[in-house]
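To start, the structure under review is shown below, and the notes come after it.
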Amino acid sequence: MNRYSIGSIIGILLLWELLVRWLEVPKFLLPTPSTILAYAIVKSKLLASHTLMTFLEAGIGFVIGSLSAILTAVFFLWFRPLKEMFYLYAVILNSTPIVAIAAPIVIIFGSGMGSKVITAVICVFFPVLGPTFKSLASVGASEIKWMDSYHSSRWQKFWYLQLPFALPQIFASFKVAWTLAVIGA
Numbered sequence: 037m038n039r040y041s042i043g044s045i046i047g048i049l050l051l052w053e054l055l056v057r058w059l060e061v062p063k064f065l066l067p068t069p070s071t072i073l074a075y076a077i078v079k080s081k082l083l084a085s086h087t088l089m090t091f092l093e094a095g096i097g098f099v100i101g102s103l104s105a106i107l108t109a110v111f112f113l114w115f116r117p118l119k120e121m122f123y124l125y126a127v128i129l130n131s132t133p134i135v136a137i138a139a140p141i142v143i144i145f146g147s148g149m150g151s152k153v154i155t156a157v158i159c160v161f162f163p164v165l166g167p168t169f170k171s172l173a174s175v176g177a178s179e180i181k182w183m184d185s186y187h188s189s190r191w192q193k194f195w196y197l198q199l200p201f202a203l204p205q206i207f208a209s210f211k212v213a214w215t216l217a218v219i220g221a
């Protein structure tokens, strides 16, 4: 962050503070930044505990969602009929707004940790599934033929060729997926 960004943020906060005080806007409608900061300091233990719980829920959802997406991508790669049957449904479910999915989840599982983890898993699953499958399937034919010339098994092709080839895309999808896991939690 450069000095102009910091100056802009400080200027906006000062303008906000002055305008709210000058226009006498009620605090319940638009609190000043100083009021928000004072409340955050007073309730810091509560905010910290809720933040830690959210990160725990997001972390569990991220791990479960990522691992299940990678395993699903491998199954789609090895068993093409599965991909033909279910990939379209995955795309459709991915295009559904998470608010529409989260409401039934909360109704079914309650408002506890389980529903938040399930929502985070759903948020993470699709952004990892697509790039993982595409990168696993996009290994060149010449590389596959080269592995075939050594009589490599399907597992060896996956472990020594396809997975290393796909790792950059998988890790790139993790960046997006972590953000969505926090949103889902």
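Residues 37 to 221 in the working numbering are what the sequence shown lists, from first letter to last.
Every residue gets a Cβ at the ideal spot worked out from N, C-alpha and C, and that includes glycine.
All values reported here derive from a predicted model rather than from experimental measurement.
For residue j and residue i, the rounded distance between their alpha carbons
{"i": "valine 160", "j": "leucine 124", "result": "17 Å"}
{"i": "phenylalanine 207", "j": "valine 153", "result": "21 Å"}
{"i": "lysine 119", "j": "serine 41", "result": "47 Å"}
{"i": "isoleucine 46", "j": "alanine 221", "result": "31 Å"}
{"i": "serine 174", "j": "isoleucine 96", "result": "30 Å"}
{"i": "leucine 73", "j": "leucine 49", "result": "12 Å"}
{"i": "leucine 66", "j": "glycine 43", "result": "23 Å"}
{"i": "glutamate 60", "j": "tyrosine 75", "result": "19 Å"}
{"i": "phenylalanine 115", "j": "serine 185", "result": "23 Å"}
{"i": "valine 128", "j": "arginine 39", "result": "Looking at the sequence shown, residue 128 is not valine but isoleucine. Using only the alpha carbons, I get a separation of about 45 Å."}
{"i": "isoleucine 190", "j": "isoleucine 100", "result": "According to the sequence shown, residue 190 is arginine rather than isoleucine. Looking at the two C-alpha atoms, the distance is approximately 25 Å."}
{"i": "glutamate 179", "j": "glycine 146", "result": "50 Å"}
{"i": "glutamine 192", "j": "leucine 92", "result": "35 Å"}
Cβ pair residue i, residue j closer than 8 Å
{"i": "alanine 105", "j": "valine 218", "result": "no"}
{"i": "proline 167", "j": "glutamine 198", "result": "no"}
{"i": "threonine 68", "j": "arginine 57", "result": "yes"}
{"i": "alanine 213", "j": "phenylalanine 98", "result": "yes"}
{"i": "leucine 113", "j": "phenylalanine 169", "result": "yes"}
{"i": "isoleucine 134", "j": "threonine 155", "result": "yes"}
Assigned exposure category for residue i - 16 Cβ within 10 Å defines buried
{"i": "alanine 139", "result": "exposed"}
{"i": "methionine 89", "result": "exposed"}
{"i": "threonine 87", "result": "exposed"}
{"i": "serine 80", "result": "exposed"}
{"i": "serine 171", "result": "buried"}
{"i": "phenylalanine 194", "result": "buried"}
{"i": "serine 102", "result": "buried"}
{"i": "leucine 54", "result": "exposed"}
{"i": "leucine 216", "result": "buried"}
Integer-rounded CB distance, given that residue j should sit under 8 Å from residue i
{"i": "valine 157", "j": "serine 209", "result": "About 15 Å; that fails the 8 Å criterion."}
{"i": "isoleucine 137", "j": "serine 151", "result": "Contact doesn't hold; Cβ gap of about 11 Å is too wide."}
{"i": "phenylalanine 162", "j": "alanine 126", "result": "6 Å"}
Check: residue i C-beta below 7 Å from any heavy atom of the ligand NAD
{"i": "tyrosine 40", "result": "With respect to the ligand NAD, the structure offers nothing, as it holds no ligand at all."}
Practice prompt. Run through the segment 61 to 120 for me and flag every whole alpha helix (DSSP H) of 4 or more residues, listed as ranges in chain order.
Written response: 69 to 78 and 80 to 114
- Residue ranges of each alpha helix (DSSP H) run of no fewer than 4 residues wholly in the segment 153 to 219, ordered along the chain? 177 to 185 and 190 to 193
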